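Trainee: There's a structure below that I have some questions on.
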Amino acid sequence: MIIREIHIDGFGIFNKFSIKNLDKGINILAGENEAGKSTLLRFFKYTLFGYPRFKDQRMAPLNGGNHGGRIKALLSNGREVVFDRKGEDKITMFYDGNSSVNETQWLQLLGNATREIYENVFAFSLDDLKDIEKLSVSGVEDKIFSIGSGMGNISVAKIINDIQEATDQIYSQRGNKQLIPSIYKLIQEKKAEIKAIQENLPVYIELKDTIKKLTGEIHIIEEGLNEARDKKRVLEDYLKCHESFILVVRADEELKGLPELQDYPKEGPEKLKELEKRGKDLDDSIDELQSGSGLDKGINEIEEELKSISFNNEIHAEKAVVNYLRTNLEKYRQTIADSAEDKRKMEELENGIVEKLKAINPEWTQQNIVDFTNNIAHHDKVKTFREEFDRIRREEIELKARKEGMLANAGRIEPGKLFIMVSMVFLLGSVPAFYYSLYAVGIVCVTIAALIFFGRRYLVKENPVVAIEKELSETVIREKERLINYGDYLEQELNLKRDLSADSVLDILKTIALLKKDIGERDDLERKQKGTRDPFIMEFENRVKSIGNLLSNKENEAGIESLLNRIADEFDFAENQSVKREELEKSLARKRSELEKTRNKVAENNQAISVLLKSVNAPDKDNFRKKYEINQKVLELREKRRNAINTIETITGLDTAGDVIAFLRTNDQSGLRNEVAELESKITSDTGELKSRTTKLGEIRNKMEQIEGESELAGKMTQLETERQRLKDAYREWITGKIALKILTDVREKYEKEKQPVIIQNSGRYFKKITGDKYERIHVALDKREITVFDSRESSKTIEQLSRGTREQLLVSLRLGFIEEYETSTEPLPVIMDDILVNFDLKRAQKTAEIFQEFAENRQVIIFTCHPSTKEYFKMPVNFTELSRL
Amino acid sequence: MTGILYEKKGGGRRAEGIGNANTQGILYKLGRANIQGRQMPKVRFIHTADLHLDTPFKGLSRMNSDLSKRLKDATFRSFRNIVDLCSERKVDFLIISGDIFDSENKSLAAQLRFTRELKPLSGKGIPAYFICGNHDPLKSWMDTIDLPGNVFRFGSSGGQFYTFSKAGAAIADIYGISFSEKAITRNLAAEFKLAPDPAPVSIAVLHGTIGSPGPHENYAPFTREDVANKGFDYWAMGHIHKKRIVSASNPAILYPGNPQGRDFGETGEKGCFLVEISEGHVPAVEFIPTQIIRFENLEIDMSAVSKIEALRDKIKEALEKSENYNEKVDYILRINLNGRTGLHKSINDKSEISELVDFLNEGVPDQQYLRWIDQVHVNTRPEIDIDRIKNGSGFPAEVLKSFDIYSGDNDKLADLIKTAEADFLNAQVKKETGDFNEYSAIELIEKARMILVDKLISEE
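Following this line, the structure appears as structure tokens:
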């Protein structure tokens, strides 16, 4: 295909831009940087093969116009075609006079080339050459091989390597760290775990059987044990009874020689002993009673003492009197003293009375005083009199004073007369009133006058002086009257002189009162004296004297008191003796009675003893005791025997004693002991057997529980299955990789075998030309994947050994070689080079241009460059377009 | 009482709510019958089978401790759900139609725990009747197994039946025949016969294959004709793991399926049947899911997806649209990515996908219901036109062309694989991995082709 024209509606910086003169051969499009070279490159690519997905790479028109454009081309079949593609990837194709939107046909016309192919095969750029620099030797070789296979940037070797690596990681013939071996290991582990769990089933069944067996054995052993234990127990019991058995036997022996058990009264000997003791005690008591003990006198002694008691009976008989005298001695003394005191007092009083009496009235006697009554009434009366007198006297004085006063103030008009005058005035006044016919006024005046005149006596007092004098005289009269009354009173009532003053009378009355008192007092004293004191004294002394006569020792007495003392002494002595005698008599009586009782008791006691002895037919006490002794013995033996039997029966059970005894008679102790020992050891060993089996049983049960608790089987099996699945997946992946690898390498081999030779040949030709015949040919060792070049002398050089420039030339040659081959089977496309020559030196550039020229003879080659001078490299005329000019 | 089945309710772990709009296939209308007012003897029971207790989950490609824990006793817990249902729904008895455990597994726990899980039923006076299947034939059971009272196992000779009575009156006879050994190929169904004076309801418990053999081993095969006129009201089947109602009545023949799926071949809801039969009437059947964890395959079209981060939401979307989606149940998912997408290259990066899956599986902390992704199978295509490239020239074209030799030629393909496998020297591992059958060989070469396409051809 030859591109003839391009028309851009809008693409990047281009708007309504066309290039029309493109043709077969070399076409140079020159433009400075930013002139749009790369944009145009893109336009070619996008229009033919499609716009990229990402919007920002689509080169939207910057200067207006519809996004997109078209390319007119001439196909190798001679037909023209227009490829029209819009920015939205809308295509229209004009071919054979028809317009079509059939993408498939479009692609077909392009030889089914893809963008990749286009880029890898037909588009050359500086970058390709640059990459060569960067690559290592193997990288270069790789690249060359890639080019050789039309892969461009994609390295087949790398792909093969990647796949190989990936599969190796899953599985490789060496080593076991890869995925599959590790999974396999896990699987084995899981299988082992599962197997272990699965083994539980038969183990469990076996364990259950073992349990059954063991349980049976245990049962048997237990039965045997129980039997042995029982037997042992029985024998041991017999052995325990042995002692008792002996006791029984012995008791029976002894009892043989003894009489039967008698039913003697209980505790005979004790009773006897008691009675004996009692008897002795009684005897002792009798002794004591008779003779006394320690401080306690005996009967004998008391009798003696009684004989020696004597005292004054007579005085003793007068006990009451003596007591009286004693108790009242003090009173007697007191009375004597009081009496003397009283006498003195009486005398004093007497004297006073006489004096006082004389003061009142010499004629008065004491009887007057006594007869004088109503002292108080008189007192009051006199007092009243006195007050009256005082009052009268005061009135007199007052009246007199007033009179004086009034006389001093005389000369004034008397009010009586004044009033008469006033009434006269009013009366006179009424006349004119009547004259002038003022009758009302006149009546009023008259009325007033009458009132004043007749009422004056109510308004006026009498002459006060007169009044006063009248009063005064009245008062005097009154006074006199009172005096007379007073005097009468004194004389008649009081028997006093009438001229006595009230005060004196009052005094007298007082005195009288006192006198009365004194007299009374004196009389009292007298009475006392005579009434009680003297009689008492007299009597007391008489009594003392009369008792004094009874004294045994009649001495003349000095005084009452000392007499009394003597009396008292003697009396006391008598009293003592009397009491003493009484006591002794009492004591004697008591003791005698007791003696009597005791003697009775002795008789009783002896009686009791004889009764006791008779109760067992014992003639005497010794016999009595002996009989009891024997009986006791029999009792004891029988008791012993019975206890032994009880003991036996406690051990072996009720009513078994007979059998036990019979048994023990016939089996000796040591034999039994041996048998017991034998049983013992059997029991021990059997118990051991039992224990070990029981332990085992417990262990087995534990194990079964453990097994029953296991629950991991399904989980582990699931894990196993999962690992298996993983294994399968990994294996599948591995196989897939292997298949891919195989096919890839096969194709590559085939490719290299079939296609590559042609390519290499083509390339060799170009290489020879481009190196100026320096190198003759290129050789590729397929198996070793080495590229060598041979010079004219057939010496070879590997890539390493080539210079950078030569390597670049090799690359270019290979590309050209490949294109040449590629085109044999498909529509050729224009080769587009982007400033390839820019870094070449002149010579090399020329050489390369030469090659391009040759290459472009039947093809279209479009060269973009910044350097217009590039065209100088080309000897033959080229199609030159300067971009800035358009 | 009518014989209509009620709409299936969400199950698993006691979830509420009804399944999503796609419950069409689950509304079982088993016919209608009207009873006006008469008290008929009625029996209610739960029918389950193929417990496969303590068996592993297969085909999982990844595991973590959380998943491991959830899977560990999933089979047991699903069974326990069934036992609990018996109490909750106050059934008269429980029927288990064989394959309670896999004798090849030699699991002690399976037998011990089976008996232990049944104990509560004894306490509640609910009997359980079971037969042995091909995986757990009579002779593989421990002699010393202590079945609780009220648990009855059928022997291997025909004619044995148990009578269930309520209030002194016989309500139902339950017949069953166990496998005496693993491979029973005779027609067991033929050996079932009603006893004279049967109870109002007769139930037959059978482990076997009806009709033509499918992917299951063909044990105890029988046809519908074999059971048609025997007089049994209900055939409680076992052996086929996918639940299926072969016949709704006259007689009813039902496979409840296994109550817990164990690999990606047993997807969807798994559980048991609650059945109510009244004399002379069509049985009323309700399916109740009891599984602990569900397997699901999800297809996701990546053509419209431009970012890999969107994958999580797309997965969630696809899950929610899945059949009988229940948000209150654990899921193990296998995701198949299809379609042409620009993300093809990055998706196909194994480590990228692996990382993404790990990331998605880390999940939300305290996530109550698991959404575990086991595998992401990438079957996407790049956006480039492979055929065009193939028709072009150049090395990639040559490579693509070389694949054409193998398509259609299975022998060449087998040879290719054999050659590739030849380098694998570890014979023991080889035993574990198994061979590649035709189908997978084609997959392999296609995968290889895609690897090379991805590597040789770049997109811009």
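Protein sequence lines correspond, in order, to chains A and B. Heads up: the first sequence at position 270 corresponds to 270 in the numbering used here, and the numbers run straight through without jumps. One rule links them: number in the numbering used here = place in the second sequence (from 1) + 1000. Virtual Cβ for every residue (Gly too), placed ideally from N, Cα, C. From a predicted model like this one, the values you see are computed outputs, not experimental measurements.
#1: Can you look up H316 of chain A in the DSSP assignment and give me helix, strand or coil?
#2: Going straight from the alpha carbon of S155 of chain A to that of P1382 of chain B, what length do you get?
#3: Report the CB separation of G1238 of chain B from G1155 of chain B in whole angstroms; it is logged as a contact under 8 Å.
#4: Can you tell me whether M538 of chain A is buried or exposed, with buried defined as 16 or more other CB within 10 angstroms of its CB?
#5: Residues in the region 112–129 of chain A with C-beta within 9 Å of chain B's C-beta atoms, listed in sequence order?
#6: Within 9 Å (strictly less), CB to CB, does L1452 of chain B reach chain A?
#7: With a CB to CB cut of under 6 Å and the five nearest residues on each side skipped, what residues in its chain are close to T865 of chain A?
#8: So is V1285 of chain B in contact with chain A if we call contact Cβ pairs under 9 Å?
#9: Which residues mark the beginning and the end of the beta strand (DSSP E) in which W1372 of chain B is found?
#10: Report all residues from its chain with a CB closer than 8 Å to the CB of N1379 of chain B; omit the five preceding and five following residues, and keep chain order.
#11: Quick check: what's the CA-CA separation for E712 of chain A versus Q719 of chain A?
#12: On the CB-based measure, 16 or more other CB atoms within 10 Å of its CB, does V1305 of chain B come out buried or exposed?
#13: Taking 9 Å as the CB-CB limit, is L727 of chain A close to chain B?
#14: So is G1012 of chain B buried or exposed if we call it buried at 16+ other beta carbons inside 10 Å?
#15: Please identify the residue among A:V82, A:V203 and A:K90 whose C-alpha is closest to the C-alpha of N66 of chain A.
#16: What does a CB cutoff of less than 8 Å around V1399 of chain B pick up in its chain, not counting 5 residues either side in sequence?
#17: At the level of alpha carbons, what is the spacing between E388 of chain A and C445 of chain A?
#18: What separation, rounded to the nearest whole angstrom, lies between the Cα atoms of N617 of chain A and G671 of chain A?
#19: Counting Cβ pairs closer than 8 Å, one from the region 1052–1065 of chain B and one from the region 1103–1110 of chain B, do we hit at least three?
#20: Exposed or buried, N542 of chain A, counting other C-beta atoms within 10 Å across all chains shown (16 or more means buried)?
#21: Anything in the region 193–227 of chain A with a Cβ closer than 7 Å to a Cβ of chain B? List those residues in chain order, please.
#22: From the DSSP output, in three-state form, read off M424 of chain A for me.
#23: Answer yes or no: do P61 of chain A and G10 of chain A have a C-beta to C-beta separation smaller than 9 Å?
#24: Can you tell me whether DSSP reads P1289 of chain B as helix, strand or coil?
#25: Between D1409 of chain B and chain A, is any beta-carbon pair separated by less than 9 Å?
#26: Looking only at its chain, what residues have a beta carbon closer than 6 Å to the beta carbon of R1080 of chain B, apart from the 5 residues adjacent to it on each side?
#27: Considering only DSSP beta bridges, list what Q860 of chain A is partnered with.
#28: Give me the Cβ distance between R625 of chain A and P265 of chain A, rounded to the nearest whole Å; I'm assuming they're in contact under 8 Å.
#29: Locate the alpha helix (DSSP H) running through V616 of chain A, then write down its first and last residues.
#30: Is S681 of chain A close to chain B? Criterion is C-beta to C-beta, closer than 9 Å.
#31: Between which two residues does the beta strand (DSSP E) carrying R1070 of chain B extend?
#32: At which residues does the alpha helix (DSSP H) containing F44 of chain A begin and terminate?
#33: Taking Cβ-Cβ distances shorter than 7 Å, what residues in chain A pair up with D1136 of chain B?
#34: Anything in chain B within Cβ reach of V747 of chain A, meaning under 7 Å, just list it in chain order.
#35: List the whole-angstrom C-beta distance separating V1043 of chain B from A1172 of chain B, where the pair is believed to meet the contact cut-off of C-beta under 8 Å.
#36: Does chain A have any CB closer than 9 Å to the CB of E1296 of chain B?
Mentor: So, to answer that:
#1: If you number the first sequence from 1, residue 316 of chain A lands on position 316. Here H316 of chain A sits in helix by DSSP.
#2: As a first step, residue 155 of chain A is located in the first sequence; it is residue number 155 there, counting from the start. As a first step, residue 1382 of chain B is located in the second sequence; it is residue number 382 there, counting from the start. Approximately 20 Å, taken between the alpha carbons.
#3: As a first step, residue 1238 of chain B is located in the second sequence; it is residue number 238 there, counting from the start. As a first step, residue 1155 of chain B is located in the second sequence; it is residue number 155 there, counting from the start. G1238 of chain B to G1155 of chain B, Cβ: 17 Å. No contact.
#4: Along the first sequence, one-based indexing puts residue 538 of chain A at 538. Result: exposed.
#5: N112, A113, T114, R115, E116, I117, N120 and V121
#6: By 1-based counting over the second sequence, the position of residue 1452 of chain B is 452. Interface residue, yes.
#7: Taking the first residue of the first sequence as position 1, residue 865 of chain A is located at position 865. Once the five neighbours on either side are set aside, the close Cβ partners of T865 of chain A are A30 and D835.
#8: As a position in the second sequence, residue 1285 of chain B is number 285, starting the count at 1. No - not a single Cβ of chain A is within 9 Å of the one on V1285 of chain B.
#9: Numbered from its first residue, the second sequence carries residue 1372 of chain B at position 372. First-last of the beta strand (DSSP E) with W1372 of chain B: R1371 to R1381.
#10: Position 379 of the second sequence holds residue 1379 of chain B. The residues are N1336, L1337 and N1338.
#11: The residue you call residue 712 of chain A lines up with position 712 of the first sequence. The residue you call residue 719 of chain A lines up with position 719 of the first sequence. Rounded to the nearest angstrom, the two C-alpha atoms are 10 Å apart.
#12: What you label residue 1305 of chain B is simply residue 305 of the second sequence in a count that begins at 1. It is buried - the Cβ of V1305 of chain B has at least 16 other Cβ atoms within 10 Å.
#13: What you label residue 727 of chain A is simply residue 727 of the first sequence in a count that begins at 1. Closer than 9 Å to some Cβ of chain B, the Cβ of L727 of chain A qualifies, so yes.
#14: Counting from 1 along the second sequence, the entry for residue 1012 of chain B is found at position 12. Its pLDDT being 38, under 50, G1012 of chain B is placed unreliably in this model, and the value from its coordinates should be taken loosely. Buried, because 16 or more other Cβ atoms sit within 10 Å of the Cβ of G1012 of chain B.
#15: As a position in the first sequence, residue 66 of chain A is number 66, starting the count at 1. Among A:V82, A:V203 and A:K90, the Cα nearest to that of N66 of chain A belongs to A:K90.
#16: Working through the second sequence from its first residue, we reach residue 1399 of chain B at position 399. The answer, listed in chain order, is L1452 and L1456.
#17: Taking the first residue of the first sequence as position 1, residue 388 of chain A is located at position 388. Taking the first residue of the first sequence as position 1, residue 445 of chain A is located at position 445. About 51 Å.
#18: Position 617 of the first sequence holds residue 617 of chain A. Position 671 of the first sequence holds residue 671 of chain A. Taking the straight line from one Cα to the other gives about 52 Å.
#19: yes
#20: One-based indexing of the first sequence puts residue 542 of chain A at position 542. N542 of chain A should be labelled exposed.
#21: Q198, N200, L201, Y204, I205 and K208
#22: To locate residue 424 of chain A, count along the first sequence from 1; it is residue 424. Helix, per DSSP.
#23: Within the first sequence, the letter at position 61 stands for residue 61 of chain A. Within the first sequence, the letter at position 10 stands for residue 10 of chain A. Yes. Within cutoff.
#24: Position 289 of the second sequence, counting from 1, holds the residue named residue 1289 of chain B. P1289 of chain B: strand per DSSP, three-state reduction.
#25: On the second sequence, residue 1409 of chain B is found 409 positions in, with the first residue counted as 1. No, D1409 of chain B lies away from the interface with chain A (no Cβ there is under 9 Å from its Cβ).
#26: Within the second sequence, numbered from 1, the residue matching residue 1080 of chain B stands at position 80. Correct list, in chain order: E1117.
#27: Sequence index remark: in the first sequence, residue 860 of chain A carries index 860 (1-based). Paired residue(s): A:G25.
#28: For this step, residue 625 of chain A is matched to residue 625 along the first sequence. For this step, residue 265 of chain A is matched to residue 265 along the first sequence. That belief does not hold up - the Cβ atoms of R625 of chain A and P265 of chain A are roughly 14 Å apart, past 8 Å.
#29: The residue given as residue 616 of chain A occupies position 616 in the first sequence. No alpha helix (DSSP H) holds V616 of chain A; DSSP gives it neither H nor E.
#30: Translated into positions along the first sequence, residue 681 of chain A becomes position 681. Chain B, which has no Cβ nearer than 9 Å to the Cβ of S681 of chain A, makes this no.
#31: Counting from one through the second sequence, the residue named residue 1070 of chain B turns up at place 70. Segment S1065 to K1072 is the alpha helix (DSSP H) holding R1070 of chain B; no beta strand (DSSP E) there.
#32: What you label residue 44 of chain A is simply residue 44 of the first sequence in a count that begins at 1. Per DSSP, F44 of chain A belongs to the alpha helix (DSSP H) from K37 to F49.
#33: Position 136 of the second sequence, counting from 1, holds the residue named residue 1136 of chain B. The contacting residues do not exist; D1136 of chain B stays about 13 Å from chain A at best.
#34: On the first sequence, residue 747 of chain A is found 747 positions in, with the first residue counted as 1. In chain order: E1398, V1399 and S1402.
#35: In the second sequence, the residue the question calls residue 1043 of chain B occupies position 43. In the second sequence, the residue the question calls residue 1172 of chain B occupies position 172. At roughly 5 Å, the Cβ-Cβ gap stays under 8 Å, so V1043 of chain B and A1172 of chain B are in contact.
#36: Indexing the second sequence from 1 puts residue 1296 of chain B at position 296. No, E1296 of chain B does not count as interfacial toward chain A.
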